[in-house]
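Beneath this line is the structure, given in structure tokens, with notes to follow.
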Amino acid sequence: MTKSILSDFSLKLVISSGIAIAGLRFFLAFFFGQSAPTWYVITSYICELLAFLGAGCLCLRNYFHPKIISDRMIWLCLAIGTLSFFIGDLIFLYWEVILERSPNITLADLFFVNFYVFLIGGMILAVMFRKVRLMPWQWGTIILVAAIAIGLGWWTSSPSDTVEVEISTAITEQVVEKAPGWVIATEQLLEPIVSPLNLFYVAGDIFILVLAATIVITFWGGKFSQTWMAIGCAIFVHYLADLRYAYIVTHDSYTTGGIIECFWTVSGVLFAIGAALEYNLSNRSRKRLR
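Per the UniProt record's numbering: the sequence shown ends with 290, consecutive numbering throughout.
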């Protein structure tokens, strides 16, 4: 009984905290827009970092819970993925705000790649855990989602020549300015993999969107529907943020402080809520599920 009460309180705390963080982030975005002071940029990063750190910790809690309903390896993958995004975001904060640089690639990208790899792995395990057979219309829906994702990925990753020249010129000018030697060396070392990395991001976004659609269809109306609807929405929101970011980078100049960062924050909040819902359900329903 006590565990159930504590679990309910924990769930309400996670949801209310998530709404507060996301609400603050949206308020700042609408109030300041992209012409924002440095403190606003830092505050925006803090909101995003808190969301993904909380999500990672809650996913780890599910992994260590001996009576968690879903496969514990699912939550380990999601924990590593969300914590990787947290570390990557922290590094990107240092690169952009402290060093005042905007290179094509940073050390943060290595952790963002980790995010995709473990998120995709966790989603595949979740689908396998469910062990269901999809009906023809469900396959049709997933194929349609995949086709739309591929089309949008191609559209957003096709930059104009003018924008490429402007971006590369701006980056070159910044490299000449101030930066520690190891930072410049790191950027030069990673520069050859920029194109493959961009392709990986496009492919990763397609995979996570297709898997999110599969998860939502698979778990719809089941005992775990709330958990996986939240996770599916988290992935969808993250996909929208990535899509908008890719379009801005390839067709215009990107500036931190826009509305798109809000969707990354919301994504982290939804991952946290999904993990909290699973923990709460495991504590309340385990005896009935046996």
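Beta carbons are placed, not taken as given, at the ideal position from N, Cα and C, and that holds for glycine.
Source: prediction; values computed, not measured.
Annotation for Y201: the continuous alpha helix (DSSP H) segment containing it runs V194 to F219. One alpha carbon belongs to L99, the other to A185, and they sit about 14 Å apart. In the structure shown, the three-state DSSP call for R101 is coil. Scanning the region 67–152 for uninterrupted alpha helix (DSSP H) segments of 4 residues or longer gives 72–93 and 108–130, listed from N- to C-terminal end. Residue burial annotation: I208 is buried, with at least 16 other C-beta atoms found within 10 angstroms of its C-beta. Separation of A213 and A275 (C-alpha to C-alpha, rounded to the nearest whole angstrom) is 18 Å.
Linking K12 to N280 through their CA atoms gives a straight-line distance of about 10 Å. Relative to S16, the option among G140, G153, L60 and V269 whose CA is nearest is V269. When rounded, the separation of the alpha-carbon atoms in I215 and I68 is 18 Å. Contact between L78 and C47 does not hold, since their C-beta atoms are separated by about 20 Å, which reaches or exceeds 8 Å. In this model, R130 and T218 are separated by some 7 Å (Cα to Cα). The region 111–123 makes contact with the region 195–208: 3 or more CB pairs, one atom from each, lie closer than 8 Å.
S195 is classed as exposed because its beta carbon has fewer than 16 other beta carbons within 10 Å across all chains shown.
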